[in-house]
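Here the structure comes first, spelled out in structure tokens, and everything after it is commentary.
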């Protein structure tokens with residue numbers, strides 16, 4: 145991604161102003177914002193970018209759940225022709241302040257990580273959480289890293305096989321004396 149620190153769109157939630165029942169955050173990116181997202185993702189274009197989140201308070205922080213729907217275009221890794229990808233991703237992320245998260249382990253102590261466990265909560269400083277970064281990150285993780293058109297593979301663009309009797313090494317083989325084979 146980029147070292148972009150300014151939010152691309154307004155999706156900032158203040159924890160201290162969040163109602164007990166939560167609130168909804170909706171994003172429907174306009175054309176200039178979609179162009180910025182495409183530039184950050186280094187893809188050709190973003191035709192659609194819609195996110196709907198429900199944000200509720202949780203243990204001094206918040207939990208954001210919802211969906212991201214996007215339509216993007218990027219070049220094929222085989223032929224460089226445009227490939228369109230429709231994305232539908234579920235979002236479920238927890239943000240907790242440092243005081244609510246587990247204490248940091250003592251230096252030199254063993255740390256056990258359960259790889260089967262859910263994601264760890266995100267650490268937040270202050271009373272604001274920028275959900276625009278969460279939504280853009282979700283898009284980045286959903287993009288196909290090797291897009292191809294249907295039924296496209298390297299055999300469709302590979303050069304035709306060269307006859308071994310006419311290649312550059314065939315000429316060298318003819319120069320080689322017959323008794324040294």
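Numbering (the numbering used here), first residue to last: 145 to 325. Glycine is no exception: its CB is placed at the ideal position from the N, C-alpha and C atoms.
Task: Same chain only: Cβ atoms within 8 Å of residue 181, ignoring 5 sequence neighbours per side - done: 152, 173, 190, 193, 280 and 283
- [ ] With DSSP collapsed to three states, give me the class of residue 164.
- [x] coil
TODO: Quick one: give me the first and last residue of the beta strand (DSSP E) that residue 214 is part of.
DONE: 205 to 219
- [ ] Under 7 Å Cβ to Cβ from residue 154, same chain only, skipping five residues before and after it: list those, please.
- [x] If the five residues before and after residue 154 are omitted, its C-beta is found closer than 7 Å to no C-beta atom of its own chain.
Task: Extent of the continuous beta strand (DSSP E) run through residue 235 - done: Residues 226 to 241.
Task: Which of helix, strand or coil DSSP assigns to residue 110 - done: For residue 110 there is no data in the structure shown, the boundaries of the chain being 145 and 325.
TODO: Please report how far the alpha carbon of residue 216 lies from the alpha carbon of residue 292, in whole angstroms.
DONE: The straight-line gap from Cα to Cα measures roughly 13 Å.
- [ ] Could you give the DSSP three-state label for residue 189: helix, strand or coil?
- [x] Strand at residue 189.
Open item on the list: Between the alpha carbons of residue 196 and residue 207, how many angstroms are there, rounded?
Closed with: 13 Å
Task: Counted within 10 angstroms of its Cβ, other Cβ atoms place residue 178 as buried (16 or more) or exposed - done: buried
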